Amino acid sequence: MALYIFSSKSAAVKALAQYIQKLAWENIQSKGAFSIVLSGGSTPKELYQTLSAAPFRENIPWPKIYFFIGDERYVSDNDAESNYGMIEATLLHPLKIQPHQIHKYDTTLPPQQVAAAYQENIEKYFGNGKIVFDLVLLGLGDNAHTASLFPQSEILNDKKPGVKAVYIPETSSTRISMNAPMINQSQHIAFLVTGSPKATAVHQVIKGERKPLTYPAQLIGNNADWYLDETAARLL
Ligand code: 6PG
């Protein structure tokens, strides 16, 4: 686990964008493709806007990159809550990413079928071999959830890699999420966490008592790197 702490969110975003550029070139030069799992919520918007602007717009071989989403809200693509909608607006559309490069959830299906169909989509991409994404981006909620791995939820007990539909009592909403075993199989994992409201959760996950049912982001392996601004890291 590496902690990278920056004086501002924009500095953290720039450093993570440079890391993504480096990994993309390494993977595309070695195997002709780069698979990235994008995180949702509001924090990564600035990262995606940075990636779809100069210099990253010109410096990354976008046509060889394949985009997945770590979790999705059970809403339509054009709903303000849709992670795909946010990612499409800030990254995929500006970069003219082609449909065959985009692996999105089909939230027109019933929740369990959304999860099963997405897992099948992922398995097909990996030729029904081991699912190993090149990079997974994650955020952190102020209750120490990541993706849609919320405290005390059933998905936290998963032992096999999978995609599951989960009901979130805190928000009375349904989400679909990759589970921790699937995320942990990835080559690289990077958290992007900024802002003072996240400081307690950052401390709980990294330095707190090991209680993954309470602090679900603790389920994410030690190979994860953290890109933080000083306010989110202030309790470390
Ligand atoms: C989501 C994300 C979720 C997010 C955290 C932090 O779908 O919302 O997967 O895990 O990363 O809730 O969200 P913010 O970046 O909006 O604080």
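Residue numbers (my numbering): -19 to 216. A virtual CB, placed ideally from N, CA and C, is assigned to each residue, including glycine. Bear in mind that the values here come from a model prediction, so they are computed numbers and not experimental data.
Of the listed residues the options, nearest to residue i (C-alpha basis)
{"i": "T70", "options": "R53, T30 and P79", "result": "T30"}
{"i": "A13", "options": "K(-11), F106 and S32", "result": "F106"}
{"i": "K140", "options": "Q99, Y207 and D209", "result": "Q99"}
{"i": "F47", "options": "E189, V55, H73 and K110", "result": "H73"}
{"i": "P24", "options": "Y54, L129, E68 and E38", "result": "E68"}
{"i": "F3", "options": "D114, P161 and A204", "result": "Residue identity check: residue 3 is Leu in the sequence provided, not Phe. Of D114, P161 and A204, the residue nearest in Cα terms is D114."}
{"i": "A204", "options": "R214, E210, K187 and S166", "result": "S166"}
{"i": "L120", "options": "E26, E189, H183 and A(-3)", "result": "H183"}
{"i": "N202", "options": "I(-15), S(-10), G21 and F171", "result": "F171"}
{"i": "Y(-1)", "options": "P91, Q81 and I40", "result": "I40"}
{"i": "V94", "options": "V146, I111, L117 and S10", "result": "V146"}
{"i": "S153", "options": "K11, V(-7), S(-13) and E61", "result": "E61"}
{"i": "G65", "options": "A97, L18, H80 and K44", "result": "L18"}
{"i": "G142", "options": "I82, M162 and Q9", "result": "M162"}
{"i": "I169", "options": "A213, L117 and R190", "result": "L117"}
{"i": "R(-6)", "options": "A213, A212, L208 and L216", "result": "Looking at the sequence shown, residue -6 is not Arg but Lys. The candidate whose alpha carbon is nearest that of K(-6) is L208."}
{"i": "H80", "options": "A(-8), E150, N101 and I111", "result": "N101"}
{"i": "T88", "options": "N164, I148, T180 and Y54", "result": "Y54"}
{"i": "S(-12)", "options": "S176, V185 and R190", "result": "S176"}
{"i": "Q9", "options": "A(-3), E26, I186 and K44", "result": "K44"}
{"i": "G20", "options": "V173, K144, F(-14) and S133", "result": "V173"}
{"i": "I49", "options": "D59, Y28 and H83", "result": "H83"}
{"i": "I148", "options": "M158, D138 and E134", "result": "E134"}
Near the ligand 6PG: residue i beta-carbon under 8 Å from a heavy atom
{"i": "T126", "result": "yes"}
{"i": "G65", "result": "no"}
{"i": "P24", "result": "yes"}
{"i": "K178", "result": "yes"}
{"i": "R53", "result": "yes"}
{"i": "G50", "result": "yes"}
{"i": "R155", "result": "yes"}
{"i": "L216", "result": "no"}
{"i": "L27", "result": "no"}
{"i": "G109", "result": "no"}
{"i": "S56", "result": "no"}
{"i": "L118", "result": "yes"}
{"i": "S152", "result": "no"}
{"i": "S19", "result": "yes"}
{"i": "G121", "result": "yes"}
Residues near residue i by beta carbon distance below 8 Å, same chain, minus five either side
{"i": "P131", "result": "N123, A124, H125, L193, T194, Y195 and P196"}
{"i": "E237", "result": "Given a span of -19 to 216 for the chain in the structure shown, any question on residue 237 remains unanswerable."}
{"i": "A179", "result": "T211, A212, A213, R214 and L215"}
{"i": "Q1", "result": "F36, N39 and I40"}
{"i": "S32", "result": "T70, L71, P74 and L75"}
Close beta carbons around residue i, own chain, < 6 Å, minus the five adjacent residues each side
{"i": "E52", "result": "N63, Y85 and I156"}
{"i": "L(-17)", "result": "W206"}
{"i": "S15", "result": "Y46, F113 and D114"}
{"i": "N7", "result": "F14 and D114"}
Own chain, CB closer than 7 Å to residue i, minus 5 neighbours either side, in chain order
{"i": "W42", "result": "L75 and I77"}
{"i": "L199", "result": "L129, L136, A160 and P192"}
Residues bridged to residue i (per DSSP)
{"i": "W206", "result": "L(-17) and F171"}
{"i": "R53", "result": "R155"}
{"i": "F106", "result": "Partner(s): none; F106 has no beta bridge."}
{"i": "V146", "result": "R155"}
{"i": "Y46", "result": "S15"}
Unbroken stretches of the beta strand (DSSP E), 3 residues or longer, contained in the segment 76 to 131
If only uninterrupted beta strand (DSSP E) runs of at least 3 residues are considered, those enclosed by the segment 76 to 131 are 115 to 118.
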